[in-house]
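> Below is a structure I'd like to ask you about.
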Amino acid sequence: TKQMKNNLLIALLFSSICAKAQDASDFPVRKWSLDFGGSVGVFIPFDQVKDTKTPIGSNAITALQLNYRERFFTRLQFGQTTVDFKYRNSFPTINSDISAKANSTNLGLVFGYQRSFRRLQPYVFAGAGASFIDAPTAFYDPEQNRINYRTLSGTHLQVIAGAGFNYRLSKT
């Protein structure tokens, strides 16, 4: 249903822990540099159906980041979000409950700004991409008095925004 899709899309906001591999040596500042990193985190939707348990899940992202003069960057990111999915529907002669996992494969491009202060490097970014969402659903066939279960797949706009910081543990 439309409400189900909206809840799943709204739920794509999550918190994550970011890990990033980077070269922080004493060499002169390079105009261009490339970083490879990613994040893994807990997925907790903020829009819930009243009197229902909060569905939680997980999120993992791999990113390739192109830096310009150590301050500006663009990042191509690919990730997977999995969340507990509950769906209840009452048909004329039968009730249906679905308890499954819903998956979203995400591809996005973001632009950001970062600045170093000794070992601390705060950053902000924003961008957009596509989410390919698979959600289970049920359809009632009154002629056969049967419930047919299917997976609905769709492509949706993904709005990406975030902030955080990197902390340099050592110079190499």
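Note that my numbering numbers the sequence shown so that position 142 is 1326, with each residue one more than the last.
All C-beta atoms in this analysis are idealised placements derived from N, C-alpha and C, irrespective of residue type, glycine included.
As the structure is a computational prediction, the values presented were derived from the model and not from experiment.
1) With three or more beta-carbon pairs closer than 8 Å as the criterion, would you say the segment 1297-1307 touches the segment 1330-1338?
2) Whole angstroms are fine: how far does the CA of N1332 sit from the CA of V1294?
3) Taking I1282 as the reference, which of Q1328, G1241, S1354, A1322 has the closest Cα?
4) Quick check on the burial criterion: 16 or more other C-beta atoms within 10 angstroms. Buried or exposed for D1210?
5) Could you give the residue range of the beta strand (DSSP E) that holds P1306?
6) For F1275, which of helix, strand or coil comes out of DSSP?
7) Spatial neighbours of R1259 within its chain, please: CB distance less than 6 Å, with the 5 preceding and 5 following residues excluded, ordered by chain position.
8) Use the C-beta contact count for V1224: other C-beta atoms within 10 angstroms, 16 or more gives buried, fewer gives exposed.
9) Taking the beta strand (DSSP E) that Q1249 belongs to, which residues open and close that run?
10) On the premise that G1241 lies in contact with T1265, defined as a C-beta separation below 8 Å, what is that separation, rounded to the nearest angstrom?
11) Taking the DSSP output, what are the residues bridged to S1288?
12) Could you compute how far the alpha carbon of W1216 sits from the alpha carbon of F1227?
13) Might you give, ordered along the chain, the residues of its own chain that have their beta carbon closer than 6 Å to the beta carbon of N1287, omitting 5 neighbours on each side?
Quick answer:
1) no
2) 40 Å
3) A1322
4) Legend: pLDDT at D1210 = 48, less than 50; position of this residue unreliable, value from coordinates given subsequently. By the 10 Å Cβ count, D1210 comes out exposed.
5) 1304-1325
6) In this structure, F1275 counts as coil in the three-state DSSP scheme.
7) Counting only Cβ-Cβ distances below 6 Å, and skipping sequence neighbours, we find A1247, Q1249, V1294.
8) Within 10 angstroms of the beta-carbon of V1224 lie fewer than 16 other beta-carbons, which makes it exposed.
9) 1241-1252
10) 6 Å
11) Paired residue(s): T1265, I1317.
12) 33 Å
13) If you ignore the 5 residues before and after N1287, its C-beta comes within less than 6 Å of the C-beta of T1266, D1318, all in its own chain and listed in chain order.
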